Structure formats: structure tokens, C-alpha cells
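Data first, discussion second: the structure below is written as C-alpha cells.
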Amino acid sequence: MLSENVFVIGAGETKYGELWEKSLRDLAVEAGLKAIENAGIYSRDVQILYGSNSLAGIINGQENIGSLIADFSGIASGNIPAVRIEASSASGGAAVREAYLAIKSGEYDVAVVGGVEKMTDIFGNEVLDMMSSLLDREWEAFFGATPAALAAISARKYMKDFNVKKEALAMMSVNDHANASLNPNSHFKNKITLDQALNATSVAEPLNLMDCSPVTDGASAIVLASERYLKKNKLNGMRILASAISQDYLALHSRNSIYTLDSTRIAADEAFKRSGLKREDMSFVELHDSYSIYGLMELEDLGFAKKGEADRLVEEDIKLGGRLPVNPSGGLKAKGNPLGATGVGQFVEAFLQLNGKADKRQIKDARYGLLQNMAGTGSTSVVHIVGGD
Amino acid sequence: MSGIVGYGSYIPKYRIKPDEIARVWGEDAENIRNGIFVLSKSVPSPDEDVITISVEAARNAIKRAKIRSGDIGAIYVGSESHPYAVKPTATVVSAALGCDFPLFAADYEFACKAGTAAMQNVKAMVDSGAIKYGLAIGSDTSQGAPGDALEYTASAGGTAFIIGREGSIADINHTLSVTSDTPDFWRREGQPYPSHGERFTGEPAYFRHTLTASRLMMEKMGTKPSDYNYAVFHQPNGKFPTRAAKTLGFTEAQYKDGLLTPYIGNTYSGAMMTGLSAILDVAKPGERILAVSFGSGAGSDAFDLTVTEEILKMDRHAAPTISDMLADVKWIDYAVYAKFKKKIVLGEDVE
Amino acid sequence: MGELSRIWRESEHRYRLMGNRCGNCNQVFFPIRDVCPHCHRESIGKMKPVELSGRGEIVSFTIVHDTPPSFVRQRPYALALIKLDEGPVLTGQIVDAENDSIEMGKRVRSVFRKIGEDGKSGIIQYGYKFVLE
């Protein structure tokens with residue numbers, strides 16, 4: 000029988016950063032075990048594991064990630080099934096959605112979602128070539144496109160068509176760093192000034208180093224449970240009020256507009272419809288700013304500003320104490336972007352915020368959170384709304 | 000009578016002056032310039048090679064000829080810098096043009112006369128009726144050893160001629176060749192740069208073959224220099240071809256249109272053919288051309304051509320003319336030149 | 000070496016900008032599609048090859064400084080989204096131009112260039128790049 004609601008009952012995370020001492024499996028196990036402990040359950044209670052990872056195949060030569068995580072977190076001995084969900088950098092959000100669907104269907108009561116990425120095992124600009132597997136390899140990457148180059152191409156047209164200054168993009172990164180300085184797990188803990196953000200080394204014009212999320216290692220995990228499990232075991236949890244996913248063409252050159260993320264827009268509309276909530280109800284947004292320009296585009300496509308007007312929000316609204324706090328965790332730029340873990344990490348942040356455990360970066364009276372996770376240049380977007388009583 | 004039905008050339012945009020090269024190697028720029036009479040040479044971009052140059056030249060020839068690529072029955076490409084030692088340039092050209100699967104093709108090598116040897120082969124196939132149209136290309140991205148005299152002239156470029164019976168704009172009245180075993184300039188398999196016999200490359204090589212072939216042609220056709228409107232020779236520098244011309248009795252007015260080396264350097268297999276292309280850009284019906292190539296090793300191919308009325312029907316500006324390509328240039332210095340020509344040893348991962 | 004057959008399979012499309020057209024709605028695609036994304040089932044078997052002119056205009060572009068290893072020699076290079084006259088938009092480098100002379104909206108035409116190579120002993124990959132008109 001269908002479950003009424005699905006809850007997040009625990010969350011755990013490693014530090015995000017350049018974690019030379021830790022391997023892929025070390026990271027996955029650490030986050031997974033922390034989440035299970037945080038949920039107050041035992042490994043044997045987990046019924047299914049969804050691993051989320053994007054590039055282990057080409058960076059670490061390791062596929063079969065689901066099995067790897069299950070094995071090393073000790074649940075393979077209990078023959079608990081495990082699979083990997085891959086949707087490029089939206090793997091995390093997509094994996095959570097799969098777990099949500101599995102529980103909602105009534106088939107399972109407890110699932111763990113573990114997202115992990117170990118990116119620093121490849122050095123130098125070879126990792127750039129591997130990240131280009133997020134794109135259309137044959138028709139984008141082969142001709143010299145990188146994720147940053149394509150974000151830059153969108154940024155240039157966006158800035159020209161809407162007369163938006165570079166400062167607006169830079170403010171997304173400044174905000175991420177300000178919040179990350181309050182997050183002990185962040186990759187970067189330094190604040191940056193607008194000046195620093197504007198004058199960093201060029202990566203792909205008009206984007207510079209401060210516009211681009213870093214290469215990060217890290218793992219995040221959450222435990223999801225059905226309503227009946229929650230009630231039976233008298234546990235508390237963060238309700239998933241809506242889960243939505245949408246798709247667009249793979250290559251940027253195939254899209255209807257190079258600065259509109261249709262997949263985000265459609266998934267967001269669906270999520271708000273399902274939850275019955277409005278944009279104003281959101282206490283915070285965790286969005287996928289792999290590049291600063293995407294932060295602006297996402298604010299618009301999520302419905303918080305008209306197309307081309309997100310720059311009106313970046314001065315005050317998006318700050319921690321503002322009307323619409325963006326990326327209280329530090330976002331992809333400063334908390335970090337370990338691809339497969341990023342989307343799950345957004346849930347970890349939401350869990351902390353909604354339980355009043357976000358410490359120095361706690362948002363007052365946090366009630367509802369909007370989480371958006373995206374693949375590559377926008378081919379897939381997963382949007383969740385969490386919270387409530 | 001078979002002849003040239005379409006012609007096209009391609010010269011890369013980048014240029015370097017001999018002064019720049021002399022500066023780096025501690026030589027006297029003015030002496031060098033005066034000695035070889037070269038003011039600049041073309042440099043291929045890192046993403047250009049004999050295959051890309053051949054394709055661009057062939058596409059330009061097709062634009063002028065207005066034939067279907069499916070009508071081309073043979074492709075022969077002559078070069079001394081084919082990108083592959085084994086895998087013909089001609090095969091990639093055929094794919095890039097969209098030629099039919101039934102097709103004669105191969106690559107030629109005879110130093111700087113590989114392209115004109117291809118012309119002779121294609122003309123013979125047209126004359127025998129084996130094919131309707133044939134494509135002959137001469138192109139090179141020759142390397143000069145750093146610090147060597149050849150570095151001042153070795154350049155990049157290529158020309159394609161489509162030869163056929165119908166619609167010829169320049170009939171090939173006759174072609175002949177001379178061949179001998181003369182070691183004036185060579186490159187052993189596996190060596191990156193050629194070796195040459197310095198002054199030996201003059202009289203016993205270039206002049207003996209070029210002048211003999213020219214005289215044999217005029218004897219065979221019963222002509223004298225004044226019967227020709229244009230004379231174009233292989234042009235390894237600005238001096239050799241002018242000396243050959245004057246020795247034979249040609250005037251500056253006759254050889255100036257075909258002399259390109261002072262601006263683009265020596266395009267080796269493309270050299271004489273590109274000079275001929277420049278002449279075809281401006282020639283009028285009824286004008287007569289003597290074209291003689293030279294390839295080290297050694298040999299010369301001579302051609303006697305007469306421009307036809309058909310040339311007036313051709314839109315010569317359907318593709319860039321040699322003047323267009325001489326005007327649109329980008330200057331680079333020795334460091335960028337060395338990077339482009341891969342004379343700098345890079346790490347393993349970098350291509 | 001692993002890309003040999005894939006690169007070969009696509010050569011015609013890369014060398015000659017061979018796209019295709021939906022026999023149902025007439026939209027032109029590059030790269031080719033087996034099924035029209037608008038007409039779906041009604042387009043099956045009706046996709047016809049079309050050789051594109053290579054002419055178009057710059058939709059937007061960037062100058063890439065942080066490059067993958069195989070593009071280091073060309074750094075910094077201009078990468079653009081080009082809208083071809085026949086309709087499709089594709090991604091390609093703009094070459095032979097001063098980077099500061101490139102502007103959105105400028106007209107370009109395609110040229111045949113080396114895209115990459117499989118190391119010193121591997122196959123060379125050719126395809127399209129663009130120059131300003």
C-alpha cells in the first residue's frame with residue numbers, strides 16, 4: 000500500500016575539500032555510518048541503498064559503486080540491495096528521488112542515499128577532460144567545450160541581453176563564501192570580497208576562477224523512512240513535501256534558450272504544485288550554482304525573479320539574514336561540489352536548518368526549504384521541497 | 000584537348016618575416032633578405048596540415064569549376080609533408096569532398112614536383128578516357144631545420160587543379176618531364192628535417208632540370224619566349240626563378256604574376272602550382288603560359304597551356320584569389336612560430 | 000585508440016556538415032537525429048540527409064583559458080555557439096581571428112581543420128571550425 004509521506008530521519012556528511020588521506024570508499028562509509036547513527040537506527044534496519052556518484056568510472060576506474068558502498072559500510076553482509084543512480088551532477092537529487100519513490104510505493108520502509116565523489120585522484124587539467132563527460136562528448140567536448148566554457152557562453156549572452164553587470168554574478172560567489180565561512184564542513188572557509196571575485200584569473204571569459212565551483216572530494220548521506228516506520232518507532236523527521244524531476248536536451252546548443260533552464264523551471268513548477276506551497280513560503284533555497292551564472296538563472300527559473308532580473312536579489316535578499324537566503328551551506332562555490340554528493344549535501348543542510356542545528360548559519364524560523372540539483376549545463380533538474388511541522 | 004576545368008588554392012593566414020628568424024639565430028637580416036629575396040613566409044596554424052590545406056584548396060577548385068564532387072574520378076595528392084607516412088591524404092580529401100566510393104586515388108612524392116606529377120597522371124587518365132574529371136593537388140607544410148638556411152623559406156600552402164575535357168579554361172597543349180638521380184636535397188625516413196647540398200642545389204639540380212625541360216618544351220612546340228604571356232617556375236626563393244626566366248629569355252612582365260615566394264615563401268609541392276593559380280586569377284582568353292616545376296632528387300615537369308574563352312564564363316571570385324590571400328595576413332614572432340611548428344618539445348600529455 | 004570506430008562513423012558529418020531534415024515538419028538538424036524530437040513516430044523513416052552550407056552567425060562565445068590537455072597548444076581559444084543559416088545551432092571554435100574582434104551576431108563560415116589526434120602514433124581527427132566572414 001502506498002505510503003502517505005516520506006521523511007528524512009538522519010543525515011551525515013564528511014568534510015568537503017581536498018581530502019588526500021581519504022579514498023572513495025572511506026568517504027562513502029564515513030558519511031553513511033554518520034547518517035545511520037544520526038537517524039538512531041542500525042545498519043541492519045536499512046532495506047535498500049542508493050549510491051550516487053558521477054565520475055568514479057573514469058576518475059577512479061571504479062564502477063559498481065552501489066555494491067562498493069554497501070560492502071564497505073558493512074551492509075552487504077546483510078544482503079541489503081544497492082544500486083548507483085547516475086544523472087551526472089544531479090545524481091544526488093535523482094538518487095534521493097528514487098529512494099523517495101521506493102518508499103512511497105510501499106515497497107520499502109527505510110532507505111539510505113549515499114552520495115560520494117573522489118575527484119582529486121586525477122591531477123591537473125585532465126580532470127577537465129573528465130568533467131566534459133557531463134556534456135555531449137561528440138558534439139561539444141570533442142570540439143573544445145568544457146563545462147566552464149559553456150557556462151561562459153550563456154553568461155555572455157545573458158549579460159548582454161539583460162544588461163546585467165558582472166558584479167551580479169560575483170555576488171553569488173561572495174554570498175556562498177560568506178555562508179561557507181560559518182560551515183565547518185566547507186571546502187573553502189574564507190570570505191571573499193566583491194573585488195576579489197571580479198579580478199580572479201580568467202577561466203573562460205567572462206567567467207573567472209571565483210565564478211566556478213572547485214574540484215572537491217566529499218560524501219553526504221541521508222536516511223529516508225516511510226510514515227508508518229516513523230510512527231511505529233516514534234522518530235522525528237523532515238518531510239519531503241514534493242519531489243520533481245524534469246529533462247532538457249543534452250547539449251547547450253540544442254536548447255530553446257541558452258540562459259533558461261527549462262528542466263529547472265518545469266521541475267520547480269511541478270514541485271510547487273504538488274506541495275501546494277508558494278515561492279514566498281520558502282525559508283531558504285539550496286541551488287546548483289556550479290557556475291555563478293547558473294545561480295542567477297536558477298533564481299529566475301525557480302520562480303523567484305523574472306528572466307533577467309535575478310540581479311535585483313543578489314545585493315540583500317540572498318544573504319543569510321535576507322528575504323530569501325540562498326545556499327546557507329556555502330553552495331557549490333564554497334562548500335564545494337563533489338558531483339555525486341552535492342545533491343545529497345543539500346538535504347543534509349536542509350535537515351540541519353529545519354532541526355535548528357545549523358549553528359552559526361542557522362536561519363531564523365526555518366520552515367520550508369527548496370532544493371535544486373542540476374546535471375551538466377541543465378539537461379536534468381531535480382527539485383525537492385522539504386519541511387513543514 | 001584536356002585542360003584545367005577548375006583551380007583553387009589555400010595559403011594559411013599567419014606570416015613571419017625573415018628578420019624575425021635572423022634575429023633569433025644571430026644572422027644579418029638584410030643580407031638574408033637580399034640573398035633569397037623573401038619578405039615573408041606563410042606559417043600553418045597548429046590545426047592545419049597538408050590534409051586540411053588540400054581540402055580547402057580542392058573545395059575552392061570545385062567552387063570555381065561548378066562540377067559535382069561525384070564526377071571526380073581520381074584524386075592524387077603530391078607533398079613531402081603528408082601527415083601520415085602510411086594512409087594517403089587523398090582518402091581524407093575524397094571523404095571531405097563527398098566523392099563516390101568508386102575512385103582512383105593515391106599520394107605522390109617527388110619533392111617539390113609531387114603535385115605536378117599528380118597533374119600529369121590525372122591528365123593521362125582523362126586523355127585515355129578512364130575518368131571524366133581528375134583532381135591533382137600539390138600542398139606542403141614543409142619544415143626547415145631551426146638555424147638552417149631553409150628555415151627562411153620553408154612555408155605552407157597548396158593548390159588543386161581539376162582536369163577534364165569539357166569546359167577547360169586552360170588547355171594543356173603538352174606536358175613533358177626530365178628525370179635524373181641528383182642528390183641535391185633529400186630526407187631519410189624518420190628524420191624530421193631534410194638535408195641539402197647547399198650550392199649544389201643550383202646548377203646541377205634546379206637549373207639543369209628547369210632549363211632543360213623548358214627548352215625541350217619550346218623545341219617540341221616550336222615556340223620562343225615571346226610566344227608566351229606568362230612564365231612560371233618552381234620558386235624555392237625569389238632569386239632562382241627570376242634567374243631561370245632571364246636565362247631562358249623571359250622578361251619581368253612575363254614572370255611577375257606567377258612569382259609568389261617573396262610573399263609566402265616556398266610552398267614546395269604547392270609552389271609552381273600556386274604561381275600558376277595566381278596567373279589564372281588574371282589571365283585572359285588566348286594567353287599562353289609556360290609552367291615548369293622542379294623536384295629535388297631530381298626532375299622537372301613542364302606544361303604548355305593556352306587560356307580559353309571558357310575562363311570568361313568562370314566566376315573566379317567564387318573562391319578566394321591569390322591576391323585575397325596575400326592581403327589577409329596575421330604576423331607572428333619566432334616564439335609563436337616555434338610553438339605552431341612544434342619545434343618546442345612539450346610534455347607527454349599535450350598534443 | 001578506443002574512439003577509432005566512433006570517430007570514423009561520424010566523419011562524414013564532421014567533414015561535410017551533413018545534417019538531416021525531418022520529412023514531416025521540415026526542421027533541419029545537426030548533428031543528425033534518427034527521430035524528429037517534435038514529430039516522433041511520424042518521422043521514422045522520413046529523415047533525409049542534408050549537406051549544410053557552413054554559414055551562420057555567432058549566438059554567443061567565450062575565450063577559453065582553462066583547457067583540457069589536448070587543447071593547450073591553442074590556448075586561449077575562442078569557442079562559440081553558431082546558428083547555421085539552415086537553423087541548427089552547433090558548438091565550434093572560431094580560428095584565425097583576433098579574440099577581441101569576435102562579437103555576438105557576426106557572420107562566420109566553416110573551415111576544415113584538425114580537431115585533435117590520438118597521440119603521436121594515433122589517428123588524426125578532422126572536422127569543422129569557423130572563421131569570421
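Chains as they are written, first to last, in numbering that gives the first Met the number 0: chain A, 0 to 388; chain B, 0 to 350; chain C, 0 to 132. We put the beta carbon where it would ideally sit given N, CA and C, even for glycine. Remember, it's a predicted structure, so these values are computed and weren't measured experimentally.
Where DSSP assigns a beta bridge to residue i, which residues make up the other side?
{"i": "CYS98 (chain B)", "result": "Paired residues: none, contrary to the question."}
{"i": "VAL38 (chain C)", "result": "Looking at the sequence shown, residue 38 (chain C) is not Val but Cys. Answer is none; CYS38 (chain C) lacks a bridge partner."}
{"i": "LEU304 (chain B)", "result": "B:ILE171, B:ILE288"}
{"i": "ASN19 (chain C)", "result": "C:PHE28, C:PRO48"}
{"i": "MET124 (chain B)", "result": "DSSP, once it has assigned bridges, lists no residue as partnering MET124 (chain B)."}
{"i": "THR88 (chain B)", "result": "Note: THR88 (chain B) sits in no beta bridge, so no partner."}
{"i": "GLN92 (chain C)", "result": "C:LEU78"}
{"i": "ALA224 (chain A)", "result": "A:PHE6, A:VAL109"}
{"i": "HIS383 (chain A)", "result": "A:SER242, A:LEU370"}
{"i": "SER219 (chain A)", "result": "A:GLU12, A:GLY114"}
{"i": "TYR6 (chain B)", "result": "B:PHE160"}
{"i": "ILE122 (chain C)", "result": "ILE122 (chain C) pairs with nothing; no bridge assigned."}
{"i": "ALA105 (chain B)", "result": "B:TYR75"}
Can you tell me where the alpha helix (DSSP H) with residue i in it begins and where it stops?
{"i": "GLU55 (chain B)", "result": "49-64"}
{"i": "THR273 (chain B)", "result": "270-281"}
{"i": "MET170 (chain A)", "result": "165-179"}
{"i": "ARG187 (chain B)", "result": "Note, ARG187 (chain B): premise wrong, no alpha helix (DSSP H); not H, not E."}
{"i": "LEU338 (chain A)", "result": "338-353"}
{"i": "PHE111 (chain C)", "result": "Here PHE111 (chain C) belongs to no alpha helix (DSSP H); instead the beta strand (DSSP E) covers 106-116."}
If you count every other CB in all the chains shown that lies within 10 Å of the CB of residue i, and 16 or more means buried, which is it?
{"i": "MET0 (chain C)", "result": "Unreliable positioning characterises MET0 (chain C) in this predicted model, as indicated by a pLDDT of 49, which lies under 50. The coordinate reading is nonetheless provided below. Exposed, since its Cβ has fewer than 16 Cβ neighbours within 10 Å."}
{"i": "GLU116 (chain A)", "result": "buried"}
{"i": "TYR421 (chain A)", "result": "Outside the shown range of chain A (0 to 388) lies residue 421 (chain A), about which nothing can therefore be said."}
{"i": "VAL344 (chain B)", "result": "exposed"}
{"i": "VAL281 (chain B)", "result": "exposed"}
{"i": "GLN190 (chain B)", "result": "exposed"}
{"i": "ILE114 (chain C)", "result": "buried"}
{"i": "SER120 (chain C)", "result": "exposed"}
{"i": "ARG58 (chain B)", "result": "buried"}
{"i": "ARG238 (chain A)", "result": "buried"}
{"i": "VAL85 (chain B)", "result": "exposed"}
{"i": "ARG5 (chain C)", "result": "exposed"}
{"i": "ASN25 (chain C)", "result": "exposed"}
{"i": "LEU3 (chain C)", "result": "exposed"}
{"i": "PHE122 (chain A)", "result": "exposed"}
{"i": "TRP330 (chain B)", "result": "exposed"}
{"i": "LEU67 (chain A)", "result": "buried"}
{"i": "GLY248 (chain B)", "result": "exposed"}
Got a sec, what are the start and stop residues for the beta strand (DSSP E) residue i sits in?
{"i": "ALA230 (chain B)", "result": "229-232"}
{"i": "VAL28 (chain A)", "result": "Element bounds for VAL28 (chain A): not the beta strand (DSSP E) but the alpha helix (DSSP H), 23-38."}
{"i": "THR211 (chain B)", "result": "Not the beta strand (DSSP E): THR211 (chain B) falls in the alpha helix (DSSP H), residues 207-220."}
{"i": "GLY72 (chain B)", "result": "71-77"}
{"i": "ILE15 (chain B)", "result": "13-15"}
Residues within the segment 95-118 of chain B neighbouring chain C, beta-carbon criterion of under 9 Å: Correct list: ALA95, LEU96, GLY97.
Using a Cβ-Cβ cut-off of less than 8 Å, give me the residues of the segment 52-69 of chain A that come near chain C, in sequence order. none
Name, going along the chain, the residues of the segment 62-74 of chain C whose beta-carbon falls closer than 7 Å to a beta-carbon of chain A. Of all residues in the segment 62-74 of chain C, only ILE62, VAL63, HIS64, ASP65, THR66, PRO67, PRO68, PHE70 come within less than 7 Å of chain A when Cβ atoms are compared, listed by chain position.
Please confirm if the segment 294-303 of chain A is in contact with the segment 313-325 of chain A, defined as three or more CB-CB distances below 8 Å between the two stretches. yes
What are the residues of the segment 22-54 of chain B that lie near chain C, defined by any Cβ-Cβ distance shorter than 8 Å? SER44, PRO45, ASP46, GLU47, ASP48, ILE50, THR51, VAL54: these are the residues of the segment 22-54 of chain B whose beta carbon lies less than 8 Å from some beta carbon of chain C, given in chain order.
How do the segment 182-192 of chain A and the segment 51-66 of chain C stand: do at least 3 beta-carbon pairs fall below 8 Å, yes or no? no
Going along the chain, which residues of the segment 111-135 of chain A sit with their C-beta nearer than 7 Å to a C-beta in chain C? ASN124, GLU125, LEU127, ASP128, SER131
Interface positions of the segment 115-129 of chain C facing chain B (Cβ-Cβ less than 8 Å), listed along the chain: Residues are counted here when their Cβ sits less than 8 Å from a Cβ of chain B; for the segment 115-129 of chain C these are GLY115, GLU116, GLY118, ILE123, TYR125, LYS128, given in chain order.
By the 8 Å beta-carbon criterion, what residues does the segment 18-30 of chain C contribute toward chain A? Within the segment 18-30 of chain C, the residues whose Cβ lies closer than 8 Å to some Cβ of chain A are PRO30, listed in chain order.
Examine the Cβ distances between the segment 110-126 of chain B and the segment 11-18 of chain B and report whether three or more of them are shorter than 8 Å. no
Give the residues from the segment 174-203 of chain A that approach chain C closer than 7 Å (Cβ to any Cβ), ordered along the chain. SER201, VAL202, ALA203
Tell me which residues of the segment 71-96 of chain C have at least one Cβ-Cβ distance to chain B shorter than 7 Å, keeping chain order. VAL71, ARG72, GLN73, VAL94, ASP95
Residues within the segment 268-292 of chain A neighbouring chain C, beta-carbon criterion of under 7 Å: none
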